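K.L.:
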Amino acid sequence: MMAIIQTRDFGIRYGEKAVLSHVNVDVPAGRFFALLGENGAGKTTFIKALIGHNQQTNGLLTLNAKRIGFVPQFRDITRDYPLSIAEFVGLNYNKGWRLWFSPVEKQQIAAALQRMDLSDIASKRLGLASGGQQQRAFVAQALVQQPDLLILDESTASLDHEHKVALLQNIKQLQKAQDLTVLFITHELKLVSQYADGYLLFDNGHVTQGEAKDLGALTTKMTAPYDEDEVRHV
Amino acid sequence: MFNYDFMQNAFMAGTVVSIVAGIVGTFVVARNYAFLTHTLSEIGFAGAAFALFAGWPALLGMMLATSGASVAIGALESGYTKRDNVTSAVSALAIGLGILFLALGHTSTTAATGILFGSVLGISRQDLLLLLALALLVIIVLFFNYRALRQLSFDEAGMFLQHGTQKMVRYIFLIIIALSVSISSQLVGSLLIFVLVTLPAASAKYYVTTTPQLMGVAIVFALFGTWVGLTLAYLTNLPTSFFIAVIEVLIYLVSVWQFQKNA
Chain F
1 MMAIIQTRDF
11 GIRYGEKAVL
21 SHVNVDVPAG
31 RFFALLGENG
41 AGKTTFIKAL
51 IGHNQQTNGL
61 LTLNAKRIGF
71 VPQFRDITRD
81 YPLSIAEFVG
91 LNYNKGWRLW
101 FSPVEKQQIA
111 AALQRMDLSD
121 IASKRLGLAS
131 GGQQQRAFVA
141 QALVQQPDLL
151 ILDESTASLD
161 HEHKVALLQN
171 IKQLQKAQDL
181 TVLFITHELK
191 LVSQYADGYL
201 LFDNGHVTQG
211 EAKDLGALTT
221 KMTAPYDEDE
231 VRHV
Chain D
1 MFNYDFMQNA
11 FMAGTVVSIV
21 AGIVGTFVVA
31 RNYAFLTHTL
41 SEIGFAGAAF
51 ALFAGWPALL
61 GMMLATSGAS
71 VAIGALESGY
81 TKRDNVTSAV
91 SALAIGLGIL
101 FLALGHTSTT
111 AATGILFGSV
121 LGISRQDLLL
131 LLALALLVII
141 VLFFNYRALR
151 QLSFDEAGMF
161 LQHGTQKMVR
171 YIFLIIIALS
181 VSISSQLVGS
191 LLIFVLVTLP
201 AASAKYYVTT
211 TPQLMGVAIV
221 FALFGTWVGL
231 TLAYLTNLPT
241 SFFIAVIEVL
251 IYLVSVWQFQ
261 KNA
């Protein structure tokens, strides 16, 4: 199986401080990987390195993705946010000066909306959509340019349990149908363990790679910081 | 009323300014830059006061000051400094300097109120041509960067993957705002920049859901206020800025009210 992300003795530093060191991972293409670890453990830094934001890296990082889709954690959508869901999804077309979407772009927007089950509410104002609908719109926006690697940063964090499950099922389906590689940053280990094929655990500047079958053991071994959701519901 | 040259000039200037303000305002409102825009107009006041003191045209001083300040604000703006705090510091300094230059230059009160409250009925044919050239420049620059600006304003988080573009577009946007503020000041004055740049676009977002529609409705609201305001000012001999302000505020209030009623 071809690895879409491969690192050999890879490290990232901010000035004097090493954020990650001696990272050796092989993420196979077309899989769903959970990125686990406490806040500040280096998950976002690793993602930034994948995208090419970090300059201070050493070792080897090979990325075989043609196009990356990214769903950020925080978005500023107020109730009076004016754009419709379809228009929001199209914001990702950010090159050039054309005022309206081209026929091809329109088609791709429609396809992305359909994949995230948003076709019926495409013209609804995003600000007035529910939390679950908004998250799906965020994912649809990342899908619009047909990435082969999709990275989601805590996309389930703000949702209730029912919507968390629905979103994960949706993404799992997408991953299988499109042969998409998914990196899912999350604290909700127990929840994601049903959908992930493998994981990368960020801890103390090191990264451990594991398979889905080990996730169960990880779930029982780990407590509070990795499963905030559970803590909240106790 | 169109028999008078000054009314013709005023209407043409008002039309140009309203179009620019409606277009640029759409992005300003989406990016929550209303406060920054207001600050830039205060900086514009300082620039104009300096220009009068130095014997330059007021618009030139205004453009130099706002452009310089917007670049400085862009450089200061980072994750560590709260945008509003940086802006209020700069704003306080600007007004102070403006008052100083007015005093030093022994500028007449008429010139000072002209900068602060606008003097659209005093616009000459020459001013008008300069205004038109600047407006064209702003619109051309904006449309060449339209799609990147759209993403920056409506969803900056979505630009995560285009880090480099994001930085550049930010500066382009700040310069566009600076120039638009200078242009709009000619009509409603530095103190009332909100009235044309912010309010029409803020009202528009309660009616439509795509960027071209938002710009279109914002232009219509700005034009309506300007044209009716100029006419009322002509008929009553009261200040134009007053009427434009009242009309735009009314439009805004009605927009918010109907949105909350329906949503």
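Chains F and D, in that order, are what the protein sequence lines are.
Number 124 in the UniProt record's numbering belongs to position 124 of the first sequence; there are no gaps in the numbering.
Number 60 in the UniProt record's numbering belongs to position 60 of the second sequence; there are no gaps in the numbering.
Where a beta carbon is used, it is the ideal one built from N, C-alpha and C, also for glycine.
Note that this is a predicted model, so its numbers are computed, not measured.
According to a CB-to-CB cut-off of less than 8 Å, which residues of the segment 173-199 of chain F neighbour chain A?
P.N.:
Absent from the structure is chain A; the protein chains it does hold are F and D.
K.L.:
D/Lys167 versus chain F: which residues are under 9 Å apart at the beta carbon?
P.N.:
Residue 167 of chain D sits at position 167 when you count from the first residue of the second sequence. The contacting residues do not exist; D/Lys167 stays about 12 Å from chain F at best.
K.L.:
If you run the structure through DSSP and keep just helix, strand and coil, what is F/Leu35?
P.N.:
As a first step, residue 35 of chain F is located in the first sequence; it is residue number 35 there, counting from the start. Correct three-state label for F/Leu35: strand.
K.L.:
Using 8 Å as the threshold, is the C-beta distance between D/Leu60 and D/Ala178 below it?
P.N.:
Numbered from 1 along the second sequence, position 60 holds the residue referred to as residue 60 of chain D. Numbered from 1 along the second sequence, position 178 holds the residue referred to as residue 178 of chain D. No, they are not a contact pair.
K.L.:
Pull up the distance between the alpha-carbon of D/Thr198 and that of F/Asp197, whole angstroms please.
P.N.:
For this step, residue 198 of chain D is matched to residue 198 along the second sequence. For this step, residue 197 of chain F is matched to residue 197 along the first sequence. Here the alpha carbons of F/Asp197 and D/Thr198 stand approximately 50 Å from one another.
K.L.:
Please work out which residues of its chain come closer than 6 Å, Cβ to Cβ, to F/Leu218, disregarding the five sequence neighbours upstream and downstream, and give them in chain order.
P.N.:
If you number the first sequence from 1, residue 218 of chain F lands on position 218. Counting only Cβ-Cβ distances below 6 Å, and skipping sequence neighbours, we find nothing.
K.L.:
Just mark F/Glu162 as buried or exposed, buried being the case when its beta carbon has 16 or more other beta carbons within 10 Å.
P.N.:
Numbered from 1 along the first sequence, position 162 holds the residue referred to as residue 162 of chain F. The residue in question, F/Glu162, is exposed, as its Cβ has fewer than 16 Cβ neighbours within 10 Å.
K.L.:
Tell me whether the beta-carbon of F/Leu126 lies closer than 8 Å to the beta-carbon of F/Gln134.
P.N.:
What you label residue 126 of chain F is simply residue 126 of the first sequence in a count that begins at 1. What you label residue 134 of chain F is simply residue 134 of the first sequence in a count that begins at 1. In this structure, F/Gln134 lies closer than 8 Å to F/Leu126 by Cβ.
K.L.:
Grab the span of the alpha helix (DSSP H) containing F/Phe88 for me, first residue to last.
P.N.:
In the first sequence, the residue the question calls residue 88 of chain F occupies position 88. From DSSP, the alpha helix (DSSP H) with F/Phe88 extends over Ile85 to Val89.
K.L.:
Under 8 Å between the Cβ atoms of D/Ile176 and D/Val138?
P.N.:
Locating residue 176 of chain D in the second sequence gives position 176, counting from the first residue. Locating residue 138 of chain D in the second sequence gives position 138, counting from the first residue. Result yes, Cβ atoms of D/Ile176 and D/Val138 sit closer than 8 Å.
K.L.:
Would you mind sorting D/Val254 into buried or exposed? The rule is 16 or more other CB atoms within 10 Å of its CB.
P.N.:
The residue given as residue 254 of chain D occupies position 254 in the second sequence. With fewer than 16 Cβ atoms within 10 Å of its Cβ, D/Val254 is classed as exposed.
K.L.:
Can you grab the Cα-Cα spacing for the pair F/Arg136 / D/Trp227, in whole Å?
P.N.:
For the purposes of this step, residue 136 of chain F is taken as residue 136 along the first sequence, with counting starting at 1. For the purposes of this step, residue 227 of chain D is taken as residue 227 along the second sequence, with counting starting at 1. Cα to Cα, F/Arg136 sits roughly 44 Å from D/Trp227.
K.L.:
Work out the CA separation of D/Ser190 and D/Phe6 for me, nearest whole Å.
P.N.:
The residue given as residue 6 of chain D occupies position 6 in the second sequence. The residue given as residue 190 of chain D occupies position 190 in the second sequence. Answer to the nearest angstrom: the Cα atoms are 21 Å apart.
K.L.:
CA-CA distance, F/Ser84 and D/Leu149?
P.N.:
By 1-based counting over the first sequence, the position of residue 84 of chain F is 84. By 1-based counting over the second sequence, the position of residue 149 of chain D is 149. One C-alpha to the other measures close to 18 Å.
K.L.:
Of all the CB atoms in chain D, is at least one closer than 8 Å to the CB of F/Gln6?
P.N.:
One-based indexing of the first sequence puts residue 6 of chain F at position 6. Not an interface residue.
K.L.:
Under a three-way DSSP split, which group does F/Ser155 fall into?
P.N.:
Within the first sequence, the letter at position 155 stands for residue 155 of chain F. F/Ser155: coil per DSSP, three-state reduction.
K.L.:
Can you say whether D/Tyr80 is buried or exposed, counting buried as having 16 or more other CB atoms within 10 angstroms of its CB?
P.N.:
Residue mapping note: residue 80 of chain D aligns to position 80 of the second sequence, counting from 1. Any reading at D/Tyr80 must be qualified, since the residue scores a pLDDT of 48, below 50, and its modelled position is unreliable; no value is offered.
K.L.:
Contact criterion: CB-CB distance below 8 Å. Does D/Pro200 meet it with respect to chain F?
P.N.:
Here residue 200 of chain D is taken as the residue at index 200 of the second sequence, counted from 1. With 8 Å as the cut-off, D/Pro200 does not count as an interface residue toward chain F.
K.L.:
Cutting at 7 Å between CB atoms, please list the residues of its own chain near D/Gln8, excluding the five before and the five after it.
P.N.:
Within the second sequence, the letter at position 8 stands for residue 8 of chain D. Answer for D/Gln8: Phe2, listed in chain order.
K.L.:
Indicate whether the contact test is met: 3 or more Cβ pairs, each with one atom in the segment 70-87 of chain F and one in the segment 14-27 of chain F, closer than 8 Å.
P.N.:
no
K.L.:
For a contact meaning CB atoms closer than 7 Å, what does F/Arg31 contact in chain D?
P.N.:
For the purposes of this step, residue 31 of chain F is taken as residue 31 along the first sequence, with counting starting at 1. Those do not exist, as F/Arg31 stays about 21 Å from chain D at its closest Cβ, beyond 7 Å.
K.L.:
If you follow the beta strand (DSSP E) that F/Ser21 is part of, which residue opens it and which one closes it?
P.N.:
As a working note, residue 21 of chain F is residue 21 in the first sequence. F/Ser21 -> beta strand (DSSP E) spans Lys17 to Val23.
K.L.:
For chain F, check one thing: does any of its Cβ atoms lie closer than 8 Å to the Cβ of D/Ala34?
P.N.:
In the second sequence, residue 34 of chain D corresponds to position 34, counting from 1. Answer no: the Cβ-Cβ gap between D/Ala34 and chain F never drops below 8 Å.
K.L.:
Between D/Val24 and F/Lys66, what straight-line distance do the alpha-carbon atoms span, to the nearest angstrom?
P.N.:
What you label residue 24 of chain D is simply residue 24 of the second sequence in a count that begins at 1. What you label residue 66 of chain F is simply residue 66 of the first sequence in a count that begins at 1. For D/Val24 and F/Lys66, the distance between alpha carbons rounds to 35 Å.
K.L.:
Starting from F/Leu61, follow the alpha helix (DSSP H) in both directions and report where the run begins and ends.
P.N.:
As a first step, residue 61 of chain F is located in the first sequence; it is residue number 61 there, counting from the start. Under the DSSP assignment, F/Leu61 falls outside any alpha helix (DSSP H), being part of the beta strand (DSSP E) whose first and last residues are Thr57 to Leu63.
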